[in-house]
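Worksheet: the structure to be examined is printed underneath.
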Amino acid sequence: MIKNLIVFGTRPEAIKMAPLVKAFEANNNNFETKVCITAQHREMLDQVLDFFEIIPDFDLNLMKPNQNLYSLTADIILSLKSILEDFNPDYVYVHGDTTTTMAASIASFYSKAKVCHIEAGLRTFNMQSPFPEEMNRSVTGVIADFHFAPTTTSRNNLRLENKNENTIIVTGNTVIDALFFSVSKVKEADFFSEEIQQVEKILDFNRKVILVTGHRRENHGQGFINICEALKEIAIANKDCQIIYPVHLNPNVQGPVYKLLSDVNNIHLISPLSYPAFVWLMEKSYLIITDSGGVQEEAPSLGKPVLVMRDTTERPEAVEAGTVLLVGTDRLKIVSETNRLLQNETDYSKMSKLHNPYGDGNACNRIVEHIIKSSAKII
Ligand code: UD1
Ligand code: UDP
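Note that this note's numbering numbers the sequence shown so that position 315 is 315, with each residue one more than the last.
So this is what it looks like as structure tokens:
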């Protein structure tokens with residue numbers, strides 16, 4: 001038996017690791033798989049675990065209000081020590097670029113487990129943007145034994161860093177596995193229907209709906225003030241359109257967003273939605289404005305145009321295809337690009353192309369197959 005430990009801590013890691021947990025569980029004749037959550041996020045992580053019906057074997061329960069990077073990093077490494085020593089996994093799987101990813105990679109390296117990096121090779125080549133994610137994924141890239149790269153662009157970034165060619169496997173992004181699973185559930189399930197009913201009470205889907213999310217650390221402070229001022233200007237100038245914004249629970253986001261946007265009639269601030277409800281809302285929206293990484297990957301698969309409130313992106317594929325546009329946190333640029341897409345149907349339809357640059361929904365099976373192949377000796 002191969003012993004796997006899958007470690008994650010935040011909402012997006014959970015969404016993107018959930019299908020991998022399922023894929024390993026479906027192969028339990030080859031694998032003993034345990035899930036460890038750092039709970040770097042608490043409520044937003046639990047929403048995902050509930051939807052995918054994942055019960056973690058280890059819950060480090062580390063989130064603290066307004067936590068800082070120093071103590072979070074230290075707490076993760078220290079708390080993982082006994083789990084790694086007791087369970088003694090052959091492989092540890094980490095995802096992407098959060099503090100959980102980086103700290104769990106370091107701890108796993110100390111334990112001598114092989115480190116598998118899912119969503120490897122994304123780079124902006126700018127250590128300050130996104131902060132601290134570019135550093136986190138670069139450190140994990142140094143440690144990882146296997147780099148599961150979502151696209152050929154991410155593989156090429158790893159080649160530039162002289163990673164051994166045999167350790168890079170292009171799989172597609174597991175977020176598309178999660179998205180397809182969720183889209184099929186949205187059609188049949190009713191356990192999130194309460195959330196949908198709440199949203200349907202607020203929104204009139206015969207009018208244009210703009211969906212907004214945002215949380216990036218480098219946008220905290222003036223960036224969020226600019227974003228809120230831009231959203232207010234868009235709402236006031238386009239009385240017929242509606243903006244819905246499920247607000248991230250980070251107090252650095254909640255503070256300015258509720259202070260600056262609570263009193264605008266056609267802006268609706270709501271709590272973070274469960275994953276299937278959010279996917280449903282993406283499908284019903286006209287346009288998405290976000291600084292999220294995951295949303296940039298999902299929206300092209302749903303044919304939704306995205307304005308990205310960042311100056312850089314490690315996901316150039318959809319920008320090159322013309323369905324994602326970087327607008328930064330410049331108020332005027334956010335307003336003018338949004339107005340253009342609201343008012344110019346030709347420009348809107350050019351950006352509404354349905355395509356899947358990030359995967360075909362089979363990423364997790366490719367990861368499992370690769371591990372089985374490379375572990376022939378262990379089995
Ligand atoms: C983290 C990741 C970021 C990822 C994002 C996804 C780091 C440094 N940052 O940023 O890479 O893109 O998650 O959303 O790893 N909070 C709650 N409940 C929750 C979640 C957060 O109350 O369920 C609040 C807490 O006060 C917490 C704060 O948000 O201390 C910040 O959480 P943290 O994980 O440090 O940063 P994020 O901005 O969420
Ligand atoms: N998401 C969600 N509920 C919400 C907002 C977003 O489930 O209210 C999902 C979204 O579909 C995507 C992920 O959360 O898969 C993105 O998370 P986030 O923006 O927090 O992090 P990032 O992807 O930027 O790291």
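C-beta: ideal position from N, C-alpha, C; glycine also.
| Item | Value |
| --- | --- |
| Inter-residue spacing [alpha-carbon to alpha-carbon] between R42 and N66 | 12 Å |
| Collapsed DSSP secondary structure at V257 in the structure displayed | helix |
| The stretch 139-150 / the stretch 105-122 touching (three or more Cβ pairs under 8 Å) | yes |
| Identity of the residues DSSP links to Y245 by a beta bridge | L269 |
| For I379, the three-state DSSP class (helix, strand or coil) | Residue placement at I379 is poorly supported in this model, since its pLDDT is 49, which falls under 50; the coordinates still yield a value, given next. Coil, per DSSP. |
| Enclosing alpha helix (DSSP H) for E53 [first to last residue] | Run containing E53: none; DSSP gives neither H nor E here. |
| Continuous alpha helix (DSSP H) assignments of at least 4 residues falling wholly in the stretch 309-347 | 316-321 and 331-343 |
| Status (buried if at least 16 other CB within 10 Å, exposed otherwise) for H95 | buried |
| Straight-line gap, R123 to T213 (C-alpha atoms, nearest Å) | 22 Å |
| Beta carbon of E218 nearer than 8 Å to that of F131 | yes |
| heavy atom of the ligand UDP below 7 Å from S430 C-beta | It is not possible to answer for residue 430, since the shown part of the chain is limited to 1 through 379. |
| Residues bridged to V183 (per DSSP) | In the DSSP output, where bridge partners are listed per residue, V183 has none listed. |
| Alpha-carbon to alpha-carbon, F87 and I379 | Legend: pLDDT at I379 = 49, less than 50; position of this residue unreliable, no value from coordinates given. |
| Those runs of the beta strand (DSSP E) which lie wholly inside the stretch 154-221 and span at least 3 residues | 168-170 and 209-213 |
| Secondary structure, beta strand (DSSP E): runs of 3+ residues fully inside the stretch 74-101 | 91-95 |
| Unbroken alpha helix (DSSP H) run spanning N365, endpoints | A363 to S374 |
| Under the three-state DSSP convention, the category L60 falls into | coil |
| Chain-order list of residues whose beta-carbon lies under 7 Å from that of I89 (same chain, five-residue window excluded) | Note that residue 89 corresponds to Pro in the displayed sequence, not to Ile. Excluding residues within five positions, the ones whose Cβ falls inside 7 Å are K3, N4, L5 and A113. |
| Which residues DSSP lists as bridging I6, in chain order | V35 and Y93 |
| Of the residues Y348, N68, A74 and A39, the one placed nearest P305, counting alpha carbons only | Y348 |
| Classification of S285 by the beta-carbon crowding that lies within 10 angstroms, buried from 16 upward | buried |
| Contact check, L260 vs I210, beta carbons under 8 Å | no |
| Residue(s) in a DSSP beta bridge with L354 | DSSP output for L354 lists no bridge partner at all. |
| beta-carbon G9 near the ligand UDP non-hydrogen atom, thresh 7 Å | no |
| G361, buried or exposed, once every other Cβ within 10 Å from all chains shown has been counted against 16 | buried |
| Selected residue, minimal CA-CA separation from K353, among V319, I334, T171 and H370 | V319 |
| Distance, F181 Cα to E188 Cα | 11 Å |
| Close Cβ partners of P19 (< 7 Å) along its chain, the five nearest in sequence each way excluded | T174, D177, A178, F181 and C364 |
| Cβ separation of V186 and V279, assumed to be a contact under 8 Å, to the nearest whole Å | 6 Å |
| Assigned secondary structure, V279 (DSSP; H/G/I helix, E/B strand, else coil) | helix |
| Any non-hydrogen atom of the ligand UDP closer than 7 Å to I37 Cβ | no |
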